[in-house]
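Engineer: Respectively, the protein sequence lines represent chains L and S.
When you read off a place in the first sequence, starting at 1, and then add 219, the result is the number in the working numbering.
When you read off a place in the second sequence, starting at 1, and then add 4, the result is the number in the working numbering.
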Amino acid sequence: MTYADPATIDWLRERIWALEQGTAAPPPVLALGAPDAALPWGGLPLARLHQIVAADQAALGFAAALLGLMAVGKPVLWCGRRGAAAPFLPGLAGFGLAPQQVLVAEAERAVEALWTMEEGLRCPALGAVLGEIDELAPAAARRLQLAAETGGVAGLVVTPGRATPSLSQSFSGATTRWRVGAAPSAPTPWGGLGAPAWHVALERCRGGLPRAWVLEWRDGSFAAPHPPAAVAAGPSLSRLRERVGVRAV
Amino acid sequence: MTAMQISRRIVSLWLPDFATDRLTRRGASHSAWRDRPFVTALQQQGGLVLGAANQAARASGLRPGQTLADASALCPMLKTVAGDPLAESAALALLARWCTRWSPWTAVESLGADGGAGIWIDATGCAHLFGGEQALLDDMLARLAAAGFAALAAIADTPGAAWAAARFGIAEGSSAIVPEGAARQWLAGLPAAALRLPAAAVETLHRLGLRRVGDLLALPRAPLAARFGPHLPLRLDQLTGDAAEPIGPERAPLPYRARLEFAEPIGRNEDVIAALDRLLESLCRTMERDRKGARRLALTLFRIDGTLAEVALGTAAPVRDPRHLARLFADKLDRLDAFADADPGNGIEAILLAVPTVEPLAARQIDLPTEGSGARDGGDELARLVDRLAQRLGADSVARQAPRGSHVPERAVAPAAPLGRIAGVFDSRTTELFRPVTLMRRPESVETIAPPDVAPDSPPAAFRWRGATRRVARAEGPERIAAEWWHASTPPPPSAFRDYWRVEDAEGMRWWLFRDGAAGRWFLHGVLA
């Protein structure tokens, strides 16, 4: 045989991964759709820390959607800042997050917020932890990364984006760093708002390809936005049209 | 008393100079006056009179109740401070709590205007822990003396007998033991005043020749009641135990409590934690036996000088894992400045751990780790996490949101406990992507660029929020949310409504705006996904 069988290749890949990461097995991976091809794991690894740099307020919506996917039915911890706008469970319901499973913690100071995240990431009962952090220092990121690996919990840090990246923004200890901002939604025949959409750029990922996409939240997962023609043919849209009384052309 | 009953053993502590000792003991405000004439003065009709006088003052001939002018004439070197009955009473209550180190049942007995004070301690079944009754009384007096309080103590079957023995029956030394069942004989020789009677009654008895307790005990009760009222026979019966006299403890004693005394006072945090570990081990074993778990715990640190430091904590779910509880306490003790002001001479000499609230917690089955066993342990892990977060961030900073069945956004969710079941879900058909991901604490006023009065039911063409102008590209609405008239006592005006719009600006940011029906102004209430 001149080629190895796929099982052997997979086994070797796992070995190489383990040598690189110092862990026994690769973490489970979350499929995101289009960005999967740019990620060396073929998706977003859970049980790791991921950073989302918020270009604007819409990034929090993207993070919430990601949190819902990462949770896979387990409880999640949302660590916010006291006095800031709080997560609103009726709005999170659309991302599959039920009131039962969302634990909201409010931290007064940045140190407490990081501590809260770390505690959450070490707790295997949780599915994922989201933290709104003002600035993620490399040392803090490293601690959170270790906690996520120990507890097997996915971590999401949302940091505000700044025009000029500081040192800690150019390097971070998180496994991946994304820059996320709002994207105009696909037009709808009735002139209303389409499905939420975001500009999503993979900024930093070892072994990954820095690229950018527009992702839309549709039917419970991320998807590439429909071109307008495809929108017109969408099955869900035809149902909507019947409801609003618009006839198909 | 029937033979079946275990006889009670009550300690009466008598602190004749409590009011002055409190102010002149080591470390107190007037410690320099401990051995010099020192009195407290009380404002009464006709001027200041002496309240409490310390031993040196009494030796100079001063008596409580004298006018301050007379006292100053007798003793020119006298130091006088204003008496503070409220502070005295608070200090006595604290001292009574400090006495829980010997028995869980302690109560303040009395605080006299002359500065003397009494404390009850129900020592039933406690004495053997301290090496017998004499050793118990010796320990009490030694520790009170170290704390700067002169004291006398007596133990007897009834509060009345102990009281009489402490104040009138101590011949030498400062403690007395009235043996079980021997109150009648032992106390017969004491003066009638030992019956806790008003001074006028004692005087009347004296005139009648009834000077000793024994004289009265020998008389039939009915004529005594007829002559002196029901009070006197009651006191006699309370002395002998024929009438029950409960002592009301300040706090109900708790079934789950453990105590540790140190041969040498400790002052370091690590030592306290090491001692705490031992108490937690033993309490958690007891709770395991009873299938209970702790919801609230209280740790009391007893200092040499008779003061306390207390640490309380609560848990989100019943717990009896000593390691978890030790971690929760460690977080709190770190921030307790019990040690900052603890000079080496004023260390901690005993600690007491109590569990005021327990809840049923089933016995843990020990099984082999199998596939899926992680899921069952998840609840436990989560409870620990919630406890740790609540200790550090504050109990109200960790919560969930439960549906409340209201359309008004501020009322749509209610804070819910971090653990346990939450009934109901948000209806994803009506809420999905129609409500913001984050809701502002309060709606923020925005400036609309195109005046909304062009058409009352139209969204603004642009709005200005926090210095940035956003052109509205698309909008959906209005969704009218009216005031909930059934919550108000008076019907709200018809204009009490909000017209909510979901608005997307030119960059794709989506906002939840509303126009207030009454004010006609626009507000931003949240950011949509």
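In this text, a Cβ means the ideal position worked out from N, Cα and C, and glycines have one as well.
Can you say whether S:Arg-392 is buried or exposed, counting buried as having 16 or more other CB atoms within 10 angstroms of its CB?
Structural biologist: Buried, since its Cβ has 16 or more Cβ neighbours within 10 Å.
Engineer: Curious, which full-length alpha helix (DSSP H) runs of at least 4 residues does the segment 208 to 253 of chain S contain?
Structural biologist: Here the runs fully enclosed are 217 to 221, 225 to 232, 235 to 244.
Engineer: I need the straight-line Cα distance from S:Asp-538 to S:Gly-185, nearest angstrom please.
Structural biologist: Summary: the structure shown does not reach residue 538 of chain S, with chain S confined to residues 5 through 533, and so no result is reported for it.
Engineer: Spatial neighbours of S:Gly-129 within its chain, please: CB distance less than 6 Å, with the 5 preceding and 5 following residues excluded, ordered by chain position.
Structural biologist: Taken in chain order, the list of residues that qualify is empty.
Engineer: Quick check on this structure: which residue in S:Asp-384, S:Glu-207, S:Ala-117, S:Ala-522 has the alpha carbon closest to the alpha carbon of S:Val-323?
Structural biologist: Comparing Cα-Cα distances from S:Val-323 to each of S:Asp-384, S:Glu-207, S:Ala-117, S:Ala-522, the minimum goes to S:Asp-384.
Engineer: Enumerate in chain order the residues of its own chain whose CB-to-CB distance from S:Gly-37 is below 6 Å, with the five nearest sequence positions on each side excluded.
Structural biologist: Sequence inspection shows Trp at residue 37 of chain S; the Gly mentioned does not correspond to that position. Cβ within range, chain order: Thr-28, Lys-83.
Engineer: Spell out whether any CB of chain S is found under 7 Å from the CB atom of L:Glu-275.
Structural biologist: Per the sequence shown, residue 275 of chain L should be read as Asp rather than Glu. True, the Cβ-Cβ gap to chain S drops below 7 Å.
Engineer: Can you find a CB in chain L that lies within less than 7 Å of the CB of S:Phe-430?
Structural biologist: At least one chain L Cβ lies under 7 Å of S:Phe-430.
Engineer: Are any of the Cβ atoms in chain S nearer than 7 Å to that of L:Pro-379?
Structural biologist: It does not; no Cβ of chain S falls within 7 Å.
Engineer: Take S:Leu-78 as the anchor and find which of S:Lys-296, S:Ala-533, S:Arg-67, S:Asp-294 has the nearest alpha-carbon.
Structural biologist: The residue with the shortest Cα to Cα distance from S:Leu-78 is S:Arg-67.
Engineer: Which term fits L:Val-372, buried or exposed, when burial requires 16 or more other beta carbons within 10 angstroms of its beta carbon?
Structural biologist: Flag for L:Val-372 reads buried.
Engineer: If contacts are defined as beta-carbon pairs under 8 Å, then S:Ala-222 and S:Ala-198 qualify, I think. What distance do you get, rounded to the angstrom?
Structural biologist: Between S:Ala-198 and S:Ala-222 the Cβ distance is about 16 Å, and since that is not below 8 Å, they are no contact.
Engineer: Helix or strand or just coil, what does DSSP make of L:Ala-504?
Structural biologist: This structure gives no information on residue 504 of chain L, because the portion of chain L shown stretches from 220 to 468.
Engineer: Would you report the Cα separation of S:Arg-12 and S:Gly-318, rounded to the nearest angstrom?
Structural biologist: Using only the alpha carbons, I get a separation of about 35 Å.
Engineer: What three-state label does DSSP hand L:Gln-320 in the structure shown?
Structural biologist: Helix.
Engineer: DSSP three-state label for S:Ser-35, please.
Structural biologist: S:Ser-35: helix per DSSP, three-state reduction.
Engineer: Can a CB atom of chain S be found closer than 7 Å to the CB of L:Gln-364?
Structural biologist: It does not; no Cβ of chain S falls within 7 Å.
Engineer: Which same chain residues, not among the five before or five after S:His-210, have their C-beta less than 8 Å away from its C-beta?
Structural biologist: The residues are Ala-196.
Engineer: Where does S:Ser-499 fall in DSSP's three states?
Structural biologist: Residue state, collapsed to three classes: coil.
Engineer: Going straight from the alpha carbon of L:Ala-416 to that of L:Phe-281, what length do you get?
Structural biologist: About 8 Å.
Engineer: What is the rounded straight-line gap between the Cα of L:Ala-303 and the Cα of S:Val-441?
Structural biologist: Approximately 13 Å, taken between the alpha carbons.
Engineer: In this structure, what does DSSP give as the bridge partners for L:Trp-436?
Structural biologist: Partner(s): L:Phe-441.
Engineer: With 7 Å as the threshold, decide whether the Cβ of L:Leu-286 is near any Cβ in chain S.
Structural biologist: No - not a single Cβ of chain S is within 7 Å of the one on L:Leu-286.
Engineer: Restricting to Cα atoms, I'd like to know which of L:Ala-402, L:Ala-347, L:Leu-268 is closest to L:Pro-294.
Structural biologist: Answer by Cα proximity: L:Ala-347.
Engineer: Given a cut-off of 7 Å, decide if S:Met-444 and S:Gly-530 are closer than it, judged by their beta-carbon atoms.
Structural biologist: Cβ atoms of S:Gly-530 and S:Met-444: closer than 7 Å.
Engineer: Expressed to the nearest angstrom, what Euclidean distance is found between the alpha-carbon atoms of S:Ser-64 and S:Leu-54?
Structural biologist: Approximately 14 Å, taken between the alpha carbons.
Engineer: Whose C-alpha, out of S:Phe-266, S:Val-217, S:Gly-428, S:Ala-316, is nearest the C-alpha of S:Ala-302?
Structural biologist: Looking at the Cα atoms, S:Ala-316 is the closest of the given residues.
Engineer: How many angstroms separate the CA atom of S:Phe-590 from the CA atom of S:Glu-113?
Structural biologist: Residue 590 of chain S cannot be examined here, being either before or after the span of chain S that is shown, 5 to 533.
Engineer: How many Å lie between S:Ser-34 and S:Asn-350 at the Cα?
Structural biologist: Rather than Ser, the amino acid found at residue 34 of chain S in this sequence is His. S:His-34 and S:Asn-350: Cα-Cα distance of roughly 18 Å.
Engineer: Do the segment 411 to 431 of chain S and the segment 307 to 317 of chain L meet, that is, are 3 or more Cβ pairs less than 8 Å apart?
Structural biologist: A contact exists between the segment 411 to 431 of chain S and the segment 307 to 317 of chain L.
Engineer: Taking the straight line between their C-alpha atoms, what separation do you get for S:Phe-467 and S:Arg-446?
Structural biologist: Going by the C-alpha atoms only, they are around 18 Å apart.
Engineer: Give, in chain order, every unbroken run of the beta strand (DSSP E) that is at least 3 residues long and sits entirely within the segment 439 to 479 of chain S.
Structural biologist: Listed in chain order, the complete beta strand (DSSP E) runs (minimum 3 residues) inside the segment 439 to 479 of chain S are 442 to 452, 466 to 469.
Engineer: Could you name the residues of chain S that L:Val-323 contacts, counting a contact when the two beta carbons are closer than 8 Å?
Structural biologist: Per Cβ cutoff of 8 Å: Val-402, Ala-403, Arg-404, Gln-405.
Engineer: Between L:Glu-338 and chain S, is any beta-carbon pair separated by less than 7 Å?
Structural biologist: Judged by the 7 Å Cβ criterion, L:Glu-338 is in contact with chain S.
Engineer: What's the C-alpha gap between L:Asp-255 and L:Ala-277?
Structural biologist: If you take the alpha carbons of L:Asp-255 and L:Ala-277, they lie about 22 Å apart.
Engineer: How would you call S:Ile-181, buried or exposed, if buried means at least 16 neighbouring beta carbons within 10 angstroms?
Structural biologist: Buried.
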